[in-house]
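The number in this note's numbering is simply the position in the sequence shown, starting from 1, with 313 added.
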Amino acid sequence: MNIILIADEYIPLSRKVQPKMQHELAVHLVNEGHNVTALMPTFRKEKLRETIDGVDVIRYKIGVNKNTSKVRRLISELSLSRKAWKGFKNNYCLKPELVVYFSPPIFFGKLIQKIKRKYNATSYLVLRDFFPQWVIDQGMIKEKSLIAKFFRHYEQISYESADKIGVMSPENLKWFNQYTCNKYKNITEVLYNWVDKSFLEPIAPNKDFRRKYNLESKTIMIYGGNIGHAQDMMNIVRLGAGLQHLTQVHIVIIGQGDEYELVESEIKRLKLENITLLPGVSQNEYFAIQKISDIGLFCLHRDHKTHNFPGKILGYLAQGLPVLGCVNSGNDLKELINDSGAGLISVSGEDSKLLQNAINLIHDTDGRENMRKNSLALLVSCFSVDAAATQVIK
Numbered sequence: 314m315n316i317i318l319i320a321d322e323y324i325p326l327s328r329k330v331q332p333k334m335q336h337e338l339a340v341h342l343v344n345e346g347h348n349v350t351a352l353m354p355t356f357r358k359e360k361l362r363e364t365i366d367g368v369d370v371i372r373y374k375i376g377v378n379k380n381t382s383k384v385r386r387l388i389s390e391l392s393l394s395r396k397a398w399k400g401f402k403n404n405y406c407l408k409p410e411l412v413v414y415f416s417p418p419i420f421f422g423k424l425i426q427k428i429k430r431k432y433n434a435t436s437y438l439v440l441r442d443f444f445p446q447w448v449i450d451q452g453m454i455k456e457k458s459l460i461a462k463f464f465r466h467y468e469q470i471s472y473e474s475a476d477k478i479g480v481m482s483p484e485n486l487k488w489f490n491q492y493t494c495n496k497y498k499n500i501t502e503v504l505y506n507w508v509d510k511s512f513l514e515p516i517a518p519n520k521d522f523r524r525k526y527n528l529e530s531k532t533i534m535i536y537g538g539n540i541g542h543a544q545d546m547m548n549i550v551r552l553g554a555g556l557q558h559l560t561q562v563h564i565v566i567i568g569q570g571d572e573y574e575l576v577e578s579e580i581k582r583l584k585l586e587n588i589t590l591l592p593g594v595s596q597n598e599y600f601a602i603q604k605i606s607d608i609g610l611f612c613l614h615r616d617h618k619t620h621n622f623p624g625k626i627l628g629y630l631a632q633g634l635p636v637l638g639c640v641n642s643g644n645d646l647k648e649l650i651n652d653s654g655a656g657l658i659s660v661s662g663e664d665s666k667l668l669q670n671a672i673n674l675i676h677d678t679d680g681r682e683n684m685r686k687n688s689l690a691l692l693v694s695c696f697s698v699d700a701a702a703t704q705v706i707k
């Protein structure tokens, strides 16, 4: 089958989890005998055409759409469908049979419609984020504002362009069907995030990291990924403040995002010497550091109404790290991790509970070893790339 993957960023320059997931899916499909092309934008000096692990990558130029102002990002993303279509026409010679597109962003709908009309292809929307609803929930824009209506227009085009839609969890499925008044109920299913553990196996642990930051005897809690409003990283900053009396533990935050400077200034203001904040690194560098860590951290803003499943958790599970974090109330990720014995999850804003969970993990080394085994078991049972690929192409 000729398959096109469409998203807004890709490896190797992107350091986020979603591009890694996209590539793992693409490689898995290639290994199953499919012809897979990744059609991706770039504002960097990257090759516009290359093959990575058997995946044909076509890039097209757009304006800066990452780590920039919201206005500049919007202007750039509005051009995605138009410029992607041009890049597709000029470089793709096969007849596509399946288009797999990822959201966010919400602006690929018109492109998908054009490809489907011209080639009679089918489409699968991998829906990982309910934008603009989450920014409305957090008060960043108003429900009935013109900008909200503008975003909802493109959101609906994205949904209407799909033959199948995959959301992240059962609670997300319930929420989405209610949110869309069951309009897409017959084509929407749960598609869990995925990870290919084999991609991590060749990466050697970065043992020098502990020496470099004087962490040889420390229990390392690691956070890797986006540092933005949706995460509410102050949860982790407050956790660090609460753990200052435990000199054997250290928090390492590695990432990028529009609240990086806010987190940095708060760490300095509180004089938190037990938190090290580092800018984003390559995927291989990050996983090499993760391999010498003891506990995986994550957090979600408590005002979310939808039930996000941060992709970074898959990396923790694949490495056998106990997961420590906090989520918005009602998020079924809390029960999934707690009930499987893979970690300890609380509700965002309940700082005392998060702190107590952290202390329990720090002191209970035997419990962490059991969680390591449970993490690997949960990964195999729910989050394999093989299961995801089977759903997408069926």
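Cβ coordinates follow ideal geometry from the N, Cα and C atoms, glycine included.
What did DSSP end up calling residue i once you bin it into helix, strand or coil?
| i | result |
| --- | --- |
| Ser-578 | helix |
| Cys-612 | strand |
| Gln-547 | According to the sequence as given, residue 547 is Met; it is not Gln. Note: Met-547 maps to helix in three-state DSSP. |
| Thr-350 | strand |
| Leu-630 | helix |
| Thr-532 | strand |
| Gly-479 | strand |
| Pro-635 | coil |
| Val-368 | strand |
| Val-508 | strand |
| Glu-363 | strand |
| Thr-589 | strand |
Do residue i and residue j have their C-beta atoms within less than 7 Å of each other?
| i | j | result |
| --- | --- | --- |
| Gly-541 | Glu-574 | no |
| Gly-400 | Val-439 | no |
| Tyr-492 | Ile-419 | no |
| Val-413 | Ile-425 | no |
| Val-698 | His-341 | yes |
| Asn-344 | Pro-409 | no |
| Asp-652 | Ser-482 | no |
| Gly-633 | Ser-694 | no |
| His-617 | Glu-484 | no |
| Phe-443 | Pro-417 | no |
| Asn-506 | Leu-630 | no |
| Phe-415 | Ser-394 | no |
| Trp-447 | Lys-427 | no |
Could you check how far apart the C-beta atoms of residue i and residue j are, in whole angstroms? I think they sit under 8 Å.
| i | j | result |
| --- | --- | --- |
| Gly-538 | Lys-625 | 4 Å |
| Ser-436 | Ser-474 | 6 Å |
| Ile-317 | Thr-350 | 5 Å |
| Lys-333 | Ile-324 | 6 Å |
| Gly-593 | Arg-328 | 4 Å |
| Ile-602 | Ile-535 | 7 Å |
| Ala-461 | Ile-449 | 6 Å |
| Phe-696 | Val-508 | 6 Å |
| Gln-561 | Thr-532 | 6 Å |
Of the residues the options, which one's Cα is nearest the Cα of residue i?
| i | options | result |
| --- | --- | --- |
| Phe-716 | Glu-514, Glu-577 and Lys-487 | Outside the displayed range of the chain (314 to 707) lies residue 716, so it cannot be described from this structure. |
| Asn-548 | Lys-431, Glu-529 and Leu-667 | Leu-667 |
| Ile-564 | Gln-596, Ile-605 and Asn-597 | Ile-605 |
| Asn-683 | His-676, Ala-702 and Ala-655 | Ala-655 |
| Asn-499 | Tyr-472, Asn-597, Gly-422 and Leu-630 | Tyr-472 |
| Asp-677 | Ile-608, Ile-658 and Asp-652 | Ile-608 |
| Met-546 | Ile-533, Lys-707 and Gly-568 | Gly-568 |
| Ile-703 | Asp-321, Ala-339 and Leu-326 | According to the sequence provided, residue 703 is Thr. The question's Ile does not apply to it. Among Asp-321, Ala-339 and Leu-326, the Cα nearest to that of Thr-703 belongs to Ala-339. |
For the ligand SAM, I want to know if residue i counts as a neighbour, meaning its beta carbon is within less than 6 Å of at least one of the ligand's heavy atoms.
| i | result |
| --- | --- |
| Asn-499 | Of the ligands one can find in the structure shown there are none, so the ligand SAM has no counterpart to examine. |
Any C-beta of chain B sitting closer than 7 Å to the C-beta of residue i?
| i | result |
| --- | --- |
| Ser-606 | Among the protein chains of the structure shown there is no chain B, as only one such chain exists. |
Given 8 Å, three or more beta-carbon pairs between the segment 555–572 and the segment 668–677: The answer is yes - the segment 668–677 touches the segment 555–572, with three or more Cβ pairs under 8 Å.
Stretch pair the segment 633–644 + the segment 608–621: three plus CB contacts closer than 8 Å: Enough Cβ pairs lie closer than 8 Å, so yes.
Segment contact flag, the segment 370–386 with the segment 346–361, C-beta cutoff 8 Å, min 3 pairs: Taking 8 Å as the limit for Cβ pairs, the verdict is that the segment 346–361 does touch the segment 370–386.
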